[in-house]
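In our numbering, the protein residues as written are 119 to 243.
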């Protein structure tokens with residue numbers, strides 16, 4: 119397997135952003151590792167199954183998701199991305215708008231596809 123490039127990582131980030139906005143469960147399933155560890159902005163640890171269920175059941179609907187302040191660090195077949203995102207949508211039918219920072223760890227699976235293996239989100243104060 120060749121080392122990752124920033125172009126590959128940014129492409130995966132954009133595919134993830136679009137999948138999140140569309141609640142595209144099939145695309146999210148491909149982009150998230152089966153053993154994903156996601157710590158949300160409330161400190162709750164969520165699995166891939168829980169993340170997909172929120173989209174599938176329409177508990178989470180993202181209408182706008184804009185990235186800024188993106189930083190990418192690559193180490194062989196692993197990349198760490200820190201990105202600030204302005205998010206608008208609904209969660210459990212409650213409108214939400216916020217300024218968040220996401221940190222994601224991307225790794226190549228056995229076939230060479232990029233998947234998020236860990237993620238953390240926090241509210242930007």
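Glycine included, every Cβ here is placed at the ideal spot set by N, Cα and C.
Where residue i falls: helix, strand or coil (DSSP)
{"i": "residue 204", "result": "strand"}
{"i": "residue 147", "result": "helix"}
{"i": "residue 227", "result": "coil"}
{"i": "residue 160", "result": "coil"}
{"i": "residue 215", "result": "strand"}
{"i": "residue 197", "result": "strand"}
Buried or exposed by the 16-neighbour rule on C-beta atoms within 10 Å, applied to residue i
{"i": "residue 169", "result": "buried"}
{"i": "residue 184", "result": "exposed"}
{"i": "residue 149", "result": "buried"}
{"i": "residue 212", "result": "exposed"}
{"i": "residue 191", "result": "exposed"}
{"i": "residue 237", "result": "buried"}
{"i": "residue 175", "result": "exposed"}
Whether residue i touches residue j by CB criterion (7 angstroms)
{"i": "residue 177", "j": "residue 215", "result": "no"}
{"i": "residue 193", "j": "residue 226", "result": "no"}
{"i": "residue 173", "j": "residue 143", "result": "yes"}
Nearest-angstrom Cβ-Cβ length linking residue i and residue j, presumed shorter than 8 angstroms
{"i": "residue 224", "j": "residue 130", "result": "6 angstroms"}
{"i": "residue 197", "j": "residue 134", "result": "At roughly 13 angstroms, the Cβ-Cβ gap does not stay under 8 angstroms, so residue 197 and residue 134 are not in contact."}
{"i": "residue 220", "j": "residue 242", "result": "Actually they do not touch by this definition, with Cβ atoms about 11 angstroms apart."}
{"i": "residue 206", "j": "residue 182", "result": "4 angstroms"}
Unbroken alpha helix (DSSP H) run spanning residue i, endpoints
{"i": "residue 126", "result": "124-140"}
{"i": "residue 172", "result": "166-174"}
Unbroken beta strand (DSSP E) run spanning residue i, endpoints
{"i": "residue 234", "result": "232-241"}
{"i": "residue 189", "result": "178-193"}
Chain D within 7 angstroms of residue i, Cβ atoms only
{"i": "residue 222", "result": "The displayed structure is made up of one protein chain only, and chain D is not part of it."}
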